[in-house]
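Oh and the sequence shown: position 23 is 14 in the numbering used here, straight run, nothing missing.
All C-beta atoms in this analysis are idealised placements derived from N, C-alpha and C, irrespective of residue type, glycine included.
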Amino acid sequence: MNSIRSIQLSEEQYNDIKRVVDLNGWLNVFDRYESFTELWCFCDEPDQNALVEELIGRFHYIDENMQFDMEKAVAKKIEEEWGLIPTNTIITSTSEDGEVDGGAWAMQQLKNKLSIKLGWKENNLFSSIGIASHNILPYSTIVLIDDFTGSGKTLVNKVNYIKKIIKQKNIKEVLIKVVAFAAMEKAKVNITTNAVPELDFFSPLVMSKGISSYYSGKECIAKKNLMTKLEYKLSDKFNYMSKSDYKFGFKKSEALFQRGAGNCPNNVFPIFWWPKLKDENFRSTLFKRIK
């Protein structure tokens, strides 16, 4: 384990932290041990520590091997289950021109998982949805790719954008399919209700809410109150962001998801990534988010 430079721990705290880290090995990579120690000491009462331990245990931490399996699952869905072929299919990230975000990253990851034998080429693949929209042909399929969707709002908007282009250009018989490497259950419902049918949406990892899906009634209220107290200790604003917009994660997603050293989704509980305290001092966070 890494050394703790600035936090004095009791024997009980040290043993508790070691136990949680031993059970969740990803806490001991990318210097996260120190950040987790700070988070543990951020708690004011044992019930808060217990909640943090529960949430850490439910975290979907995606390492390189897991990511590879997810990418292969997406490629299999496209090629085998959907039966799409390069002659009438384009695949695009959900990113806008020039954006460096999860959609662009996902497109790059998928690129080398598609079968060369089937004839996939770079002209089938687009890093920008804007450019892709000008390459839609009649009697074809367009697949939208994103790395993670928390509420489904962005993907619904992207599908509506494509539908608008298709209508404006009067392009006949175009199928739209949507892929997210990871998705919240709420996002899946939103997408399959307001964008594409369930058969045309795929995610190899669909996740439930970190608190609401595991508790009910008074116990759920009590757990949420513990989280509210923890979030209260964070600064009300950081850069352009208001903490109130991210209570329990954006759109109250209660997400517990992180892809390696990647950018943390804002749908994740802010205690895991919000970088400032109420007194405006910076804190060491388990995950980083730059937007």
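Query: Which residues mark the beginning and the end of the alpha helix (DSSP H) in which Gly52 is found?; Result: Going by the sequence as given, residue 52 is Tyr instead of Gly. Looking at the DSSP string, Tyr52 is not in any alpha helix (DSSP H); the run it does join, the beta strand (DSSP E), is His51 to Ile53.
Query: Pick from Phe192, Gly251, Ile157 and Leu46: whose alpha carbon is nearest that of Leu217?; Result: Leu46
Query: Contact check, Ala173 vs Leu146 under 8 Å by CB: the rounded distance?; Result: Contact doesn't hold; Cβ gap of about 12 Å is too wide.
Query: Please go through the same chain and pick out, in chain order, the residues whose beta-carbon is closer than 8 Å to the beta-carbon of Glu176, but skip the five residues on each side of it.; Result: Val197, Met198, Ser199, Lys200 and Ser204
Query: In three-state terms, what does DSSP make of Phe193?; Result: strand
Query: Can you name, in chain order, every residue of its own chain whose Cβ lies under 7 Å from the Cβ of Ala178, other than the five neighbours on each side?; Result: Thr140, Gly141, Ser142 and Gly143
Query: State whether the segment 64 to 82 contacts the segment 129 to 138, with contact taken as three or more CB pairs (one from each stretch) at a distance under 8 Å.; Result: yes
Query: The beta strand (DSSP E) spanning Ser84 covers which residue range?; Result: Thr80 to Ser84
Query: Under the three-state reduction of DSSP, which class applies to Ile(-2): helix, strand or coil?; Result: coil
Query: Which residue spans inside the segment 21 to 46 form an unbroken beta strand (DSSP E) run of at least 3?; Result: none
Query: Which runs of the beta strand (DSSP E) fall wholly inside the segment 156 to 226 and span at least 3 residues, in chain order?; Result: 165 to 175
Query: Roughly how many whole angstroms lie between the Cα atoms of Asp227 and Gly110?; Result: 52 Å
Query: Measure the C-alpha to C-alpha separation of Tyr231 and Asn185 and round it to an integer number of angstroms.; Result: 29 Å
Query: Would the beta-carbon of Ser1 fall within 8 Å of that of Ser275?; Result: no
Query: Would Asn40 and Asp13 qualify as a contact pair, given that the criterion is a beta-carbon distance under 8 Å?; Result: no
Query: Could you tell me which residues DSSP puts in a beta bridge with Arg274?; Result: Answer by DSSP bridge pairing: none, since Arg274 is not bridged.
Query: Enumerate in chain order the residues of its own chain whose CB-to-CB distance from Val169 is below 7 Å, with the five nearest sequence positions on each side excluded.; Result: Leu135, Leu146, Val150, Ile182, Ala186, Val187, Asp191 and Phe192
Query: Quick check on the burial criterion: 16 or more other C-beta atoms within 10 angstroms. Buried or exposed for Ser233?; Result: exposed
Query: Based on Cα-Cα distance, which residue from Phe263, Ala252 and Asn56 lies nearest to Glu222?; Result: Phe263
Query: Looking only at its chain, what residues have a beta carbon closer than 7 Å to the beta carbon of Ser86, apart from the 5 residues adjacent to it on each side?; Result: Asp92, Gly94, Ala95, Ser118, Ser119 and Ile120
Query: Thinking C-beta only, is Asn79 closer than 8 Å to Gly48?; Result: no
Query: With distances taken Cα to Cα, identify the nearest neighbour of Leu247 among Ile281, Val259 and Trp265.; Result: Val259
Query: Quick check on DSSP: helix, strand or coil for Arg10?; Result: helix
Query: Between which two residues does the alpha helix (DSSP H) harbouring Leu18 extend?; Result: Counting along the chain, Leu18 falls outside any alpha helix (DSSP H), and DSSP gives it neither H nor E.
Query: When you compare the CB positions of Leu42 and Lys214, do they come within less than 8 Å of one another, or not?; Result: yes
Query: Taking Ser131 as part of the alpha helix (DSSP H), name the residues at either end of that continuous run.; Result: Per DSSP, Ser131 belongs to no alpha helix (DSSP H); it is in the beta strand (DSSP E), Ser131 to Thr140.
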